Each structure stands twice: as C-alpha cells, then as structure tokens.
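Mind the numbering: the sequence shown is residues 1259 to 1707 in the working numbering, read in order. Heads up, the beta-carbon is just placed ideally off N, CA and C, and yes, glycines get one too. Note that the structure is predicted; figures quoted are calculated from it, not measured. Heads up, the thing below is written out as structure tokens.
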Amino acid sequence: MLPWPLRRDPPGPIMTLWGSIPRFRHDPLGFLTSTARRYPDLAHFRLGLTDLYLVSSPHLLKEVLFTLTPKVHKGPLLQRAKRILGNGLLTSEDAFYLRQRKLIAPAFHREHIRNYAATMVEETEVHQRGWKAGAVVDVHAEMQQLTMVITGKLLFGSEVREESGEISAALNDLVAFDEKYFPWSALIERLPLPLSRRLQRARARLDATVYKMIAARRADPGAASRHDFLSMLLHARDAEDPSARMSDEQLRDECMTFFLAGHETTANALAWTSYLLARHPEVQQRLQAELAQNLAGGPPHAADLARLPYLEMVLYESLRLYPPVWTIARRPQEDIKLGGFEVRKGSVIIMPQWVMHRDPRFFPDPERFDPERWTPEARAARPKHSFFGFSAGLRQCIGADMAIMESSIVLAMVLQRWGLSPADDRTVAPNATLTLRPKHPVKVRLQAR
Ligand code: HEM
C-alpha cells in the first residue's frame, strides 16, 4: 500500500494539522451529515493522525458488515468500553466472539423471549402507578428507570431494584468519564487523582454486585429450571465441547453487556418515541385507536403484537429519526479495499445511522416524522440496509426482537392509559455520546384517558 502523500483517498473536507477535531468534537452529528452530503457514499477526513472513512451508502455498508467482517474489529469507543464490559458479546472479537454468540443465541430466540413479556407488563404496570393525571414527567428519566428495573429482573430473575440501581449508577459513572475524557481517559485513569480513585471505586462496586449475584445463582439448586438470562448462561453448553462452561469472569462480562446494551438503548427509543408522539397528536390518536381495537384496555401478550402493525411502524419511524445507536465503527486489522480505495490497517470506518437514516435519497423529506414510510410497500421500495438501527450481518444486535417487544409492550400500556402532550415547546436536541440520549429533559404532560 502506498504511503499517505502518494495514496489516493476518497474526497473529503480540507485538512488542517488537527484534521477535523474541533468541528467533530463540537457537533459530531452536524459535521458527519454535512460531510456525507457534500461527499456522498464514501468520504475521508482525519482526526489528528487517525484516518476516518465515512460510509453513507447501503451498498458500501453491506460490504463492511458482511464481506469485510473477518478483517475488521469494533471501533475505538467500543474497544475502550472493554474496560467496563470486558470480553462480552458487544466487545469481543474473532473465534472467542463466535463461540460466545453461539452459546448465548438461544437466550434471545423468539420462543424464549416470549417468557420475558410477563415481566415487562408487570413492571410497566407498577411503574405507571406512580404517575398522576395532569403531572409533567421527564419521560427519558422515567423510561431509564423502568427499563433498568425490567432488564435487572430479566437478567437476575428476581426483584433486584437495589442491585440494578447500583449497577446502573456505577456504569453511568464509568461511561460518562470515558465520553468526557476520550481519547485520554485511559491515561487520566492511571494518574493518582481523586477522579480516578472515584472511578476505581465505581468499578469495584460494579464487580462486587455482579459477582454476588453469580455466586448466589451458582449456589441455587433450582437454577436449571429458571428462565432468567444469568441461569441460561450458567447452563449454556457448546455442542462441540459440552464440558466447556463460562467462567465467573466471562459471566460477569456478559451480564454487564446485557445490562448496559439492553436498558440504555431501549430507554432512549422509548423516550424519543414518546417525544415524537406528544408532538404528533394525529399519530398518537391513530395508535390509540389501534390499541383500543385490539387490546380493549388490557395488557398486551407477546402474541398480540403481530396485530398492532401501526405500533411497529411508529417505532421504526422513531428509530429512524433518533437511532439509539447513532453510529457504528470498525477498525481494519489489515489493509483493505473499500469502494475502490485503499483503507489502511488501524484507520476507522465510521457508519452513522443518523446520517443514512436522514438521507433524502432513501427517505424523502427526511426530517418529517411519518410512520407511513414503514408500510410493507414503502419498505420494499427502499434499498436494503438504508435503515440499520440494529446493524446487519454477523454482528447485528442480538437483542433486536427483545427491544421491539419491550418497547411495544411499554408503549401499548402507557398509551392506553395516558394521553401525552408536550409540556413546553422546546425542541429537544440529541446528545451523541455512546448512545443518542436527549440533551435535555423530555417534559411530557400526562392526561388520564
Ligand atoms: C432499541 C434498542 C436497541 C438498539 C437500537 C440496539 C442497537 C444495536 C446495534 C446498532 C448494535 C451493533 C453495534 C456494533 O456492531 O457496533 C447492537 C449490538 C448488540 N446489542 Fe443491541 N440494540 C438495542 C437493544 C438491545 C437489547 C435489548 C439487548 C440485550 C438485552 C442488546 C444487546 C446487544 C448486544 C449483546 C450486541 C452485540 C452483538 C454482537 O456483536 O454479536 N441490544 N445493538
């Protein structure tokens, strides 16, 4: 491969010595969107000394996520997240990853996750009891609390509010630190500062809580007949090597991954969907009519969801506009070719859902919230992978069905009981960190129905 001055890169913004760092840091969504619109399909820019390749075409996305998968690893943010998530499914690579995915996949099969529906209904019911007619709630904070409790219960199989709160607070501290100080967080953490000591304490707390749960489950003689995620992992066996079991450390990493990947993203999806519904009363009313007709005020069962097509359309339109995972990134482990260009080992390929989901080539009038984009005909008319909220290929989200089921159940229960309207006319901007959180509280007024 040719050295940089002789290499032909895809087109991209003019580089300064610092590359595009100030613009990227200040407004990553705006910078990536304007770069992709100006240099469509494949653009090149630099952040300091790192080369970045911005993919904004479904065709090239497919090439990275399917054809090139054996030659690429996860991007820098997720590699850093290994400090927290260890070698769990989201962050592990190669043969070890493949073995773990095979072991864990049965816990996410449609048939199995149906067992989770009752917990989702139960916890939503309990959570809603605390709501009062006419009250204004921050729907993001509410949904974070609810999905945390649901995820904790699915993971450990019992009421673990306290432990879930502990895990969630410690994870939040660790993720916030990483986001704030990236790419220097590893260095800062090693310095003898009060900040780094606080972080070490957060990690120790997190480990202690999860190891305690694992020890309790190992000691439980009835664990084999339980359906929670931890029990499934404890009893997962590799068909080719039935004696191989997951170590406590591996169980910890997978539990942490399930907890973080499971509740943070779903809470964002629910918060953004509530925000959009509050601002589009006509969509909200149509959805409420569908729910009334099919559920008649009762709680949804997993089998009911197939009879709620408009609910699914609304959810997908919200995932398009506000994808909880707003970008995925990959690092080539060797020199590769992409779109006719040479991409060097160690550079970063960045594929933002935010950018492709708002590309007028695939979604005309892209800023408009319009669930009609998700009729079977409209879906079929678009290029495959123009929507990739759950990614695609080998490493696509293992929890996608579960996320859709949980979001559908929570929304169906909330909207049957409450009308949602905006408590102010403030537009809530997204904050593109590890996930796409709302930058400000999402204030919604609850009207009893
Ligand atoms: C709306 C909710 C969700 C969204 C938008 C979402 C999105 C994604 C995306 C885009 C990826 C690919 C990341 C990458 O390759 O860099 C991913 C991977 C993953 N997700 Fe989700 N996710 C959601 C919910 C969940 C839930 C509920 C769970 C589990 C309880 C989960 C567990 C995982 C795991 C373990 C991976 C790694 C899979 C692998 O590499 O094999 N996710 N998710």
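Exposure of residue i, with buried meaning 16 or more beta-carbon neighbours within 10 Å
i: residue 1663; result: buried
i: residue 1366; result: buried
i: residue 1735; result: As displayed, the chain neither begins before 1259 nor continues past 1707, which places residue 1735 out of reach and without an answer.
i: residue 1575; result: buried
i: residue 1709; result: Residue numbering for the chain in the displayed model covers 1259 to 1707; residue 1709 lies beyond these limits and cannot be assessed.
i: residue 1339; result: buried
i: residue 1522; result: buried
i: residue 1705; result: exposed
i: residue 1360; result: exposed
i: residue 1415; result: buried
i: residue 1309; result: buried
i: residue 1615; result: buried
i: residue 1519; result: buried
Span of the beta strand (DSSP E) around residue i
i: residue 1678; result: 1676 to 1680
i: residue 1599; result: 1599 to 1601
i: residue 1330; result: 1330 to 1332
i: residue 1303; result: 1300 to 1305
i: residue 1617; result: Taken as a continuous stretch (DSSP letters only), residue 1617 belongs to no beta strand (DSSP E), as it is neither H nor E.
i: residue 1748; result: The structure shown does not extend to residue 1748, since the chain spans only 1259 to 1707, so no value can be given for it.
i: residue 1688; result: 1688 to 1690
Own chain, CB closer than 8 angstroms to residue i, minus 5 neighbours either side, in chain order
i: residue 1423; result: 1406
i: residue 1437; result: 1691 and 1692
i: residue 1300; result: 1268, 1311, 1312, 1313, 1314, 1315, 1318, 1596, 1597 and 1599
i: residue 1465; result: 1510
i: residue 1482; result: 1489 and 1493
i: residue 1671; result: 1379, 1382, 1383, 1386, 1557 and 1558
i: residue 1279; result: 1305 and 1306
i: residue 1377; result: 1408, 1411 and 1412
Proximal residues to residue i (C-beta, below 7 angstroms), its chain only, five neighbours per side dropped
i: residue 1413; result: 1486, 1487, 1488, 1513, 1516 and 1517
i: residue 1686; result: 1533, 1696, 1697, 1698 and 1700
i: residue 1660; result: 1366, 1371 and 1374
i: residue 1471; result: 1414, 1421 and 1488
N-terminal and C-terminal residue of the alpha helix (DSSP H) that residue i is part of
i: residue 1320; result: 1316 to 1320
i: residue 1355; result: 1352 to 1362
i: residue 1465; result: 1452 to 1476
i: residue 1590; result: No alpha helix (DSSP H) holds residue 1590; the beta strand (DSSP E) holding it covers 1585 to 1590.
Nearest-angstrom Cβ-Cβ length linking residue i and residue j, presumed shorter than 8 angstroms
i: residue 1293; j: residue 1305; result: About 12 angstroms separates the two Cβ atoms, so there is no contact after all.
i: residue 1329; j: residue 1643; result: Their Cβ separation, rounded to whole angstroms, is 19 angstroms, which puts residue 1329 and residue 1643 out of contact at 8 angstroms.
i: residue 1678; j: residue 1536; result: 4 angstroms
i: residue 1649; j: residue 1287; result: The pair is not a contact, with the Cβ atoms about 18 angstroms apart (cut-off 8 angstroms).
i: residue 1545; j: residue 1569; result: 6 angstroms
i: residue 1646; j: residue 1578; result: At roughly 10 angstroms, the Cβ-Cβ gap does not stay under 8 angstroms, so residue 1646 and residue 1578 are not in contact.
i: residue 1603; j: residue 1590; result: 5 angstroms
i: residue 1666; j: residue 1524; result: Not confirmed; about 11 angstroms, so no contact.
i: residue 1582; j: residue 1547; result: Their Cβ separation, rounded to whole angstroms, is 27 angstroms, which puts residue 1582 and residue 1547 out of contact at 8 angstroms.
Other residues of its chain near residue i: CB distance less than 6 angstroms, five sequence neighbours each side excluded
i: residue 1397; result: 1529, 1532, 1700 and 1702
i: residue 1221; result: As displayed, the chain neither begins before 1259 nor continues past 1707, which places residue 1221 out of reach and without an answer.
i: residue 1609; result: 1313, 1319 and 1586
i: residue 1344; result: 1511
Chain B contact for residue i (CB, 8 angstroms cutoff)
i: residue 1446; result: The chain labelled as chain B is not found in the depicted structure, where only one protein chain is given.
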